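Take a look at the structure set out below.
There are 4 protein chains.
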Amino acid sequence: MKVGIAGATAYTSLELIKLLLHHPEVEIVYLGTRREGNPPISQIFPSLARQIDQPMAGLEPDDIPKGVKLIFVTLPPTVAMQYVPKYLKAGYRVIDFSADYRIKDADVYEKWYKTPHTDPDGLKRAVYGLPELFRKEIRRTKLVANPGCYPVSVILALAPLLARELIEHRDIIADSKSGVSGRGRDVSEQSMYCERNENVEAYGVGGHRHLPEMEEVLERATGTRTRITFTPHLVPMDRGLLSTTYARLKALNTSEAVTDKLRNFYKDEIFVRVKEPGQPPSTKDVVGTNFCDISAHVVENRVVVISAIDNLLKGASGVAVQNMNVMFGFPERLV
Amino acid sequence: MKVGIAGATAYTSLELIKLLLHHPEVEIVYLGTRREGNPPISQIFPSLARQIDQPMAGLEPDDIPKGVKLIFVTLPPTVAMQYVPKYLKAGYRVIDFSADYRIKDADVYEKWYKTPHTDPDGLKRAVYGLPELFRKEIRRTKLVANPGCYPVSVILALAPLLARELIEHRDIIADSKSGVSGRGRDVSEQSMYCERNENVEAYGVGGHRHLPEMEEVLERATGTRTRITFTPHLVPMDRGLLSTTYARLKALNTSEAVTDKLRNFYKDEIFVRVKEPGQPPSTKDVVGTNFCDISAHVVENRVVVISAIDNLLKGASGVAVQNMNVMFGFPERLV
Amino acid sequence: MKVGIAGATAYTSLELIKLLLHHPEVEIVYLGTRREGNPPISQIFPSLARQIDQPMAGLEPDDIPKGVKLIFVTLPPTVAMQYVPKYLKAGYRVIDFSADYRIKDADVYEKWYKTPHTDPDGLKRAVYGLPELFRKEIRRTKLVANPGCYPVSVILALAPLLARELIEHRDIIADSKSGVSGRGRDVSEQSMYCERNENVEAYGVGGHRHLPEMEEVLERATGTRTRITFTPHLVPMDRGLLSTTYARLKALNTSEAVTDKLRNFYKDEIFVRVKEPGQPPSTKDVVGTNFCDISAHVVENRVVVISAIDNLLKGASGVAVQNMNVMFGFPERLV
Amino acid sequence: MKVGIAGATAYTSLELIKLLLHHPEVEIVYLGTRREGNPPISQIFPSLARQIDQPMAGLEPDDIPKGVKLIFVTLPPTVAMQYVPKYLKAGYRVIDFSADYRIKDADVYEKWYKTPHTDPDGLKRAVYGLPELFRKEIRRTKLVANPGCYPVSVILALAPLLARELIEHRDIIADSKSGVSGRGRDVSEQSMYCERNENVEAYGVGGHRHLPEMEEVLERATGTRTRITFTPHLVPMDRGLLSTTYARLKALNTSEAVTDKLRNFYKDEIFVRVKEPGQPPSTKDVVGTNFCDISAHVVENRVVVISAIDNLLKGASGVAVQNMNVMFGFPERLV
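Chains as they are written, first to last, in our numbering: chain A, 16 to 350; chain B, 16 to 350; chain C, 16 to 350; chain D, 16 to 350.
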């Protein structure tokens, strides 16, 4: 199956290309970029030399690649929604990495992304790309809104407890620690080695764009409207994301019993590994994989659920390939 | 003034020695170690060569150094309390880095440290070494219980809000991120470079020994008995400690108003810097210093207070020197 | 094809297992360890959970696994040679990761490894496992001596220039920079995070065990006896190895001409990428792959050849799988 | 003594300010910057809050600070020489951090810095600021050319051996490994965390601007014209610089004998520590100090001399303060 990538030079695209190169069912035939001169992708990512050396193509709004069945759009938010409708109109399916199709409520979108949504039709059709919660819908859609990295880790930690009504919907806290690649490829003082190395800091306290995404998707998935206090932090490593979530239990419970509920909820999921209460997950164990590792620990009247993912894989390109597998009926484990 | 260090080869001792070498009022005349053969300290810490090359002395329980006024004890918990009474009996003042004199309730101590407390007299006399809260008592004591690194960061963040009755005493969460030196100098698989690098993980979820210390000291300092859910994490850096604390506000409030309360509480403190709400602290800005940087952010009915310290300085050796300055009437800023 | 691993808990074994799990032609049926209690491999390496959960088997000298065609031996030097002869006698082929079969001269081996070689027959039959130089012999052998990481990087950099007689055989310098995983999984003060992080240092100056290996193999491969001054360094990263080699040119030459010679020498090699003179290789571009990236730069009468590999892949487990592919006629690129 | 800094927001300036704040003999009265709006320095470097909060001043070419005795110029090369002559004319002494006054030969300067030198008078008067080699001249000069970080490490390693005629002047190799702060504060893709972390690479092979500086200064200091092949590398750490130099011995020699020569050469130097042959220096032992640690290892007919410094201190701001101490007769150890 022929696929294309619109926005080939993002960090997430590098990971996506590596996954697709090893995928037995697909072939990359289009790499679109806004960089000038159509250089080969291996000039941007020397690690790809000998593996994929084709020149990239243009990415003007009217450039529509030919002969593909699926386009991955890795463009920034507010830009992606200028491209996605054209691809859909051309009959292609789309997996969009931006935030443009994740939040159903266009007012909420406008509030957080400071621009009106220009593709309300797409927004209506889009399915949130977390197969563990929306597999059935993903199978049938033309447009997947690939999830944000923080939301993947927080939603997978909390959804089972909300769905099983084990925790209060208020007073939920999500304290997340992300590797620096979570900032993407922007060249700014904040992304420089000497600013990030040997340093931990919070950012966007109480006001990160991934917060409305978490809250809205958790409500869609579990029927419960939550209020989450979300604090993302940058820690000095390339990749990996750990979310430590805190919620009040509705009734007394044990770590073992909550762990059983998690196990049961994810019993058919190949990419979620529920760990023993005494063994909280490490980002190191999931980096380079599409796994989400989760553990639960009851501390008096509260449960601490910790989840770990690779922000570039299960939090971006890995879940995108998983979504593709679901959409096209390929074995889901082919990530 | 002549001082000694019992336990000279700990990581915290290296920092302590560096500080004391630059301190205009003191001279190190005793370095006690349990390592064999009395090597010079610069053989253990080559960075000290040319700065202090004296051989170390023994540290048998009956070795009492001569002619010092103050001994810093950097021995592990349960070991320290075998040495401290002898030093006190010899007429020396003591600043003890272990946890042995931090928790006043001997039953709580025994529960967490798995051994009965053998020096109840010392325990009674000891003062908790956080000058911002106990300066008056530190001035008069012979024995300072130097605080743990996590407690310093959490107590300095929460004490003003509890003392001013701004927050609920329940439902407090402290999510801490520490550099690896927080583990001390134990040689174990968990401390190896390839285990810690490019990795974030929680440990001791709900059961870290610093938790009873935080709760007891906060009660002594503010009169309020709290319940804290505390989760420490290791992040891949040498030093630095960031604590993100979450508490429910008793009444509606703004980030600016809470920040003002913090500023007011610490207005005479030279080592606490209260930052603007939009500028959460970075560990990088405090590493190598004795500062604690703090910021407050109100998110709906909750306040997020973030504090950053250097775990080896304000969280150990820096606050020890500050305590010494208070005990002996040296200018407090000489750290 | 069924394969086994003797020494399953080494860092290199983790990488080997990951590669074999993705290899379409092989199945791992034996994981031998000297650890007690036969735990599942995923207990040692949690990242392998859900991918391979079988319990490990014992590794007494007389434990011979059944039904395999090939055994990878990842035991330490001097231990490996106690196991290899038994596996060969049982009719299995062996790829040995230790240094025990790399150096043909048993006296040199004894000098550097402080013990007499106990398997001279094996030593005679063993083929050095660098397919770029010894592919034909690897195809026919029962026993491959998988190369050391430093030698792979230095030999691939220098062999073409020696073979084409472009450089003097004396006055060659190899200055190598390795990630910390190159030290293996030993738990020692030297491997601790706080010793290695934010630190660069040389070790084994002039006396590293990989030196005789480089010199002997280069002579076998090119007919030229060399004298190399080799200095390995540890740099603060998990994996990756960069060797900067310096040699005197026999005649005036240009960077472009030397680069052409390298290109020509490796023109049929899929895992060697020769780069432009102005683009020295980065370890980041080869980590996670079996590639060796090489560049050449002429500076007056000297050539600087720089090579980069992943020490755990092209320097250990990747080249081992490549060797397996050559031995059994699988496509060589299946690494 | 009142001093000023022209170029206050460079990384080296942060270190310089910290050193000057602790120096008992000086007071910073001028901080000049080209940034708009004269913000306080603690807004650029939050770590300086409470330590120095004064607003910065302008830095137009005609802004001459008043009442200072010494100005540190931390502007980039080719810019510095527009400011230095004015400060000298105003009667101030200058320590210039740029390369503009290091190379005496104006043609060599123009070749490497791509612009003609515009201050030949200054060039004539300038003294190279390495007190170990030029202390007498530094005492008498108005203008110190503060050295480059790579040259400091290479020159201190090689000067004794060249001065004592132990090594050949040809076939010298300097292979240097620097922390990322060596790149300064430029915001570029090459300085981003995700490019530098977990990565080692060479740059400027055979053509780094510090090469002519090393060669010219070694000739001035030892009378010997050398040819050095110099390869700088970036390693993933903030600060620290290790240079591994290789030279051919003129006669057979031992590590111990060469070490003795080094010891003797530096016997009165407080900031050079010569280590035992078996103990090559670590950058970790010198970071945060003004020390240069050196070791020598003879390997057959060649000597490997390894030196370690903190590139921001002994390689920049530390040696600048040492130079100031020499110029004004302060105790040299006050760094």
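Each residue gets a CB set at the ideal place from its N, CA and C atoms; glycine is no exception. Here the structure is a predicted model, which is why all the values come from computation and not from measurement.
Apart from the five residues just before and just after arginine 179/C, which ones in its own chain have a Cβ nearer than 8 Å to its Cβ?
Lys276, Phe280
Contact belief for isoleucine 187/C with alanine 262/C at Cβ below 8 Å, rounded distance in angstroms:
At roughly 5 Å, the Cβ-Cβ gap stays under 8 Å, so isoleucine 187/C and alanine 262/C are in contact.
Among residues of its own chain, excluding the 5 on either side of valine 319/C, which ones have a beta-carbon nearer than 6 Å to its beta-carbon?
Tyr261, His312
Should proline 54/D go down as buried or exposed, given a rule of 16 or more other Cβ atoms within 10 Å for buried?
exposed
Sequence-distant residues of its chain with Cβ nearer than 7 Å to glutamate 216/A (five each side left out)
His248, Leu249
Using only CA atoms, which one of Leu177/D, Glu204/D, Asn214/D lies nearest to glutamate 230/D?
Leu177/D
Taking 8 Å as the threshold, find out whether the stretch 81 to 93 of chain A comes into contact with the stretch 19 to 27 of chain A through three or more Cβ pairs.
Yes, the stretch 81 to 93 of chain A touches the stretch 19 to 27 of chain A.
Which residues of chain B have a Cβ atom closer than 8 Å to the Cβ of glutamate 257/A, listed in chain order?
Sequence check: residue 257/A is leucine here, not glutamate. Chain B residues near leucine 257/A: Val215, Glu216, Ala217, His248.
Using CA atoms only, rank isn't needed, just tell me which of Ala105/C, Leu328/C, Ala95/C is closest to glycine 82/C.
Closest by alpha carbon: Ala105/C.
Got a sec: is the Cβ-Cβ distance from tyrosine 107/C to anything in chain D below 8 Å?
no
So which residues of chain C does methionine 207/B contact, with C-beta pairs closer than 7 Å?
Val202, Ser206, Met207, Tyr208
Against valine 195/C, what residues of chain B qualify as contacts under a CB-to-CB distance less than 8 Å, listed in chain order?
Chain order gives the chain B residues near valine 195/C as Tyr208, Cys209, Asn212, where near means a beta carbon separation below 8 Å.
Between proline 166/B and valine 142/B, what straight-line distance do the alpha-carbon atoms span, to the nearest angstrom?
15 Å
Is the beta carbon of isoleucine 153/D less than 8 Å from the beta carbon of asparagine 338/D?
yes
Here's the rule: buried if 16 or more other CB atoms are within 10 angstroms of the residue's CB, otherwise exposed. What is aspartate 78/B?
Per the 10 Å Cβ criterion, exposed.
Would you kindly check if the distance between the Cβ of asparagine 161/A and the Cβ of glycine 144/A is under 8 Å?
yes
What does the alpha-carbon distance come out to for the pair asparagine 214/D and proline 251/D?
6 Å
Nearest neighbour of glycine 199/C, chosen from Ile243/C, Phe112/C, Val169/C, Thr274/C [CA to CA]:
Phe112/C
Output yes if chain A places a C-beta closer than 8 Å to the C-beta of proline 70/C; else output no.
no
I'd like to know if histidine 312/A contacts chain B, where contact means its C-beta is closer than 8 Å to some C-beta of that chain.
yes
Can you tell me which residues form a DSSP beta bridge with tyrosine 143/D?
Ala160/D
Which bits of chain C does aspartate 253/B rub up against, with CB to CB less than 7 Å?
Cys209, Asn212, Glu213
Closest to tyrosine 124/D by CA distance: which of Pro92/D, Gln66/D, Tyr208/D is it?
Pro92/D
Under a CB-based cut-off of 8 Å, is tyrosine 124/A close to chain D?
Using a Cβ-Cβ cut-off of 8 Å, tyrosine 124/A does not count as an interface residue toward chain D, since no Cβ of chain D sits closer than that to its own.
Keeping to the same chain, check which residues put their C-beta closer than 6 Å to that of valine 220/B; ignore five residues upstream and five downstream.
Thr246
What number of angstroms, rounded off, separates the C-alpha of phenylalanine 149/B from the C-alpha of serine 332/C?
58 Å
8 Å CB neighbourhood of proline 76/B in its chain, flanking five on each side removed:
Leaving aside the five residues that flank proline 76/B on each side, the residues in its chain whose CB is nearer than 8 Å to its CB run, in chain order, Gln97, Tyr98, Lys101.
How many Å lie between glutamine 58/A and arginine 317/D at the Cα?
40 Å
Which residues in the same chain as alanine 95/D place their Cβ atom closer than 6 Å to its Cβ, once the five residues preceding and following it in sequence are excluded?
Hits under 6 Å: Val88, Asp111, Ser113, Asp115.
Quick check: is the beta carbon of threonine 269/D nearer than 8 Å to any beta carbon in chain C?
So, not an interface residue.
Candidates Asp134/C, Ile170/C, Leu74/C: which alpha carbon is nearest glycine 47/C's?
Leu74/C
Test: valine 319/A CB closer than 8 Å to a CB of chain B:
True, the Cβ-Cβ gap to chain B drops below 8 Å.
What is the rounded straight-line gap between the Cα of leucine 103/D and the Cα of leucine 158/D?
8 Å
With 8 Å set as the bound, which would you pick, yes or no: does the beta-carbon of proline 55/D sit closer than that to a beta-carbon of chain B?
no
Under a Cβ-count criterion, where at least 16 other Cβ atoms within 10 Å of its own Cβ denotes burial, should serine 191/C be classed as buried or exposed?
buried
Would you list, in chain order, the members of the stretch 88 to 103 of chain A that have their beta-carbon closer than 8 Å to a beta-carbon of chain D?
none
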